[in-house]
Structures are given as C-alpha cells and as structure tokens.
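Residue numbering for the sequence shown is 806 to 1239, as defined by the numbering used here. Virtual Cβ for every residue (Gly too), placed ideally from N, Cα, C.
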Amino acid sequence: MAKRLPIPVDAAAGPSPTTVTAAAAAAELGISLPTLYAYVSRGLLRSLPEAGTRRRHYILEDVWALKQRREQRRDPARIAEEALHWGPPVLESSISVIREGRLYYRGRDVAALAATCSLEQVAALLWCGDLDAPLPDALPALPSREWSDLANVVCRLPPLEALQASLAFAGPRDGSAYDTRPDAVVRAGVRMLRQLSAVAVRTRPSTRPAAEVMQRAWAPKKPAFARLIEAALILYADNGLNPSSFTVRCVASAGSTPYALVAAGLAALQGTKHGGACERAQALLEEAADARGASAVVEARLRRGEAVPGFGHPLYPEGDPRGRLLMQMVADLRPRSPRASGALALADAVRDRIGQEPNIDFGVVTLCNALDFPPGAALSLLGVGRSVGWVAHGLEQYGEGRPIRPRARYAGEPPGIPVPADRQSATPRPDRAR
C-alpha cells in the first residue's frame, strides 16, 4: 500500500475536522484539480468554506479514505495485509479515537477526564457510555482462605504475571463468568478491577476506589498522591487497537469469559514490544539518574545507534499528550524531587537533540520514581488501568456475536508434494485416523 504523504495540514475555523487545501488533496490523490472538484460533486469528498474567502478546504480523512478505496480495488490482498501493520481500520469501535494529536474516550478529552474523574467513572463511561452510570458493588468471589493461597503465589511473580495469575485463579470461581450479557460483563469488570488493584499492591480487595487502594499501600501518609495514580490509570485505560486490545477482541469473539480476555490482554502486554516499553524507560532513567549526566547519556545512545526509549509515539507525531500531562503533574506536585528533576533534565536533553517528547511510559515511570513508589509500580499501573479498556473492547466484541477469523495467504510449498516411499506407513492406526 502506498504511504501517506507529508502534505500540509491546516484547520478550518471552529471545531471542524482537519482539512487540507485543494492542491494538497489533489497531490495526495494523484489527480488534477478538475477531477478533485468532480469527486466533490459526486459526494466522494466533502469540502468546507474558508471564512472570508471563496476558497474551500477538503477533509483529510475523506482524502485518505478515498485513496485507500482506490488502492484496494487495485490490490485488495495487499491492503488486507497492510491493515495488520499500521494500515487502514479493520473494525469499528466507539471506545476511543485520536484527533489532531489528542486522545478521546467516547468523545471526551482524556486529559480532562484524568484531571477531574475517578477511574471508576471512566470505567462507567467506557462500559456503559455514561460517566454517572452506577457500577455494581461487587467484590471478587474468593473466600478468605483462597485469597491467602493466591497471595502466596502472586507475591513471587513480576507485576503483570501476578495480575494474570490472579485472573486464572479467580475466573473459574466466579459462577457468572460465562454470562456475556452486558450487565454481567460489567459486574465481572468491577470484580476484576478490585481484584487487580489489590493484587498490584499485595493487599485484600475492598470497595475503595482503585487509586486509593494503591495509594494507601505505596504512600499511606500522602493521600494527595492518589490523584496522580488516578491520572495514570485513566490515561492508560485505552489507546485504540494496539496488540493487547486486538488480542482481547479475538478472545472475546471466541466467546471466552471476561477473565480470559483480560488475562489474554495481560499476556500480550508482557511482550517486549508492548508493555516492555515501560521497563526500557525505567532503565534509561536509571542510566541518567544524575541530572548532570542526562545529555551525555542521550548522546552516547545516539552515537551507538541505540533508541531512546520513552520518547516519541507513532500515533502522536507532535508529542504524546498523556506523557505531557503526567510530566506537568509531577513537576507541580514534586518540584523539589531530585528524581523528578533528573527526568525533566533527560526530557530536555532528548528534546534538544532529536526533537521528541516524552510518551506516557516515560511519564508514568517519572511519576513512580518521583513519588518513591516500589519497583514494578509503573507496570502495575499499566496492567490495572488498561484492564478497564479491555473490558470495554470485550463488551463491544460480545455484541458483534461472531468470531474474528482473518484468512492467511498461503506462502509455503505447493500442495501435492508426494511423501517419500521410505516414510510411508501402512494402514493408519484407528486412533490416529483423525
């Protein structure tokens, strides 16, 4: 599939979609201006007037959608292949979207949600479509003795593996787990959220908000820290169809339980190309623990041809707004923290040399370091926060009622190659006939 060109973008007046000039739209499509105008008259493209002039601007998403349709007609197999690797959308979702460098949950700016709402309110928004929707008062279905047995197991596991193990332990003990009607899935989501937040900090589940549970364990004498924990959990809840969310949808499409789909999401999150970004950002911060050495660390990495983890994001070319918000919150609450100042110095060094901004992983690691949270806290925040989005994806996929089953294009040996005579067996045994 042809790559999108770096065409000039400008915004129409008011809260309208991102648009481009007629010349830029025509260049992107590889057509003449008269053909562009013909596409508009046929309803294939929409245009908006520029205030005070006779010029019109063209909606960028329409331009890209038309280009993809033309390419699909020429090479449908290639389009399908590219769709799995940062290509065109492969399914519909109303959970989240990125517009003009900002992330929205069901149309609400995630930065505003992180600054004003609880994780439970955001869960109600993502699961029920309403911030004020009441969530059921449900605790994990584990007797006290079994909870002690689980605690003995998870205390020896890394953060994401501990969360995953707890779901494998609790799922079969929830008698309603196989009920995938929306109300039952929301109830299971509440059970899992309370269980995961407790497992993350090695305590027993309670009806307290998840952020408060974690703050009481990590910083019991500093209730103000709960607001930062809340923000990190909310910002992590969803970010589109990443590997873990797509995995969740595949598992849900097979009719598996909510526990199974969140456990599958955690399995994908453990990958080095996904949740591993948090650990790499932590390693970079430890490498540059001395603020005076930040520039030297960045330059040494660039000289060796190494990446600078925790910076830049392909979905946010102008900077990840989630990372920016967390860095600002840390600077406001802990302005004298040496670990916070070291992270800010490192961010300045990266910005000066390669022009990239901190992403959410760097922001969360900075938060955990500045607040003196225990090792693994950032991964725990990632797993607990993202579970809310996974339940939302599960709810959408259960509603589809059909399995996700893409087809593979065979690229192996041609069919019909004979088996060598010395490897042919006699009549197959009955137990192997299947």
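When the alpha-carbon of residue 1080 is set against those of 935, 1041, 1111, the nearest one is in 1041. Its Cα nearest to that of residue 1120, the residue 902 stands out among 902, 873, 1003, 1068. Per DSSP, residue 1056 is one residue of the alpha helix (DSSP H) stretching across 1048–1058.
For residue 902, the uninterrupted beta strand (DSSP E) run begins and ends at 901–904, by DSSP.
In the structure shown, the three-state DSSP call for residue 1198 is helix. The DSSP-derived three-state label of residue 937 is coil.
As a beta-bridge residue in DSSP terms, residue 1163 pairs with 1116.
For residue 909, the secondary structure class from DSSP, reduced to helix, strand or coil, is strand. Counting C-beta pairs with one atom in each stretch, the region 1168–1183 and the region 1199–1216 have fewer than three that are closer than 8 angstroms, which means they do not touch. Residue 1126: member of the alpha helix (DSSP H) spanning 1126–1138, first to last residue.
Here residue 851 carries a coil assignment [DSSP, helix/strand/coil]. Per DSSP, reduced to three states, the secondary structure at residue 864 is strand. Of all C-beta pairs linking the region 957–964 to the region 1041–1056, fewer than three are shorter than 8 angstroms, placing the two stretches out of contact.
Between the C-alpha atoms of residue 944 and residue 993 there is a straight-line separation of about 9 angstroms. Closest in alpha carbon position to residue 1190, among 1001, 1168, 1139, is 1001. For residue 1160, the closest of 952, 971, 1103, 825 by C-alpha to C-alpha distance is 1103. Pairing residue 1152 with residue 1145 gives a Cβ-Cβ distance that is not under 8 angstroms.
Residue range 949–959 is occupied by the alpha helix (DSSP H) that includes residue 949.
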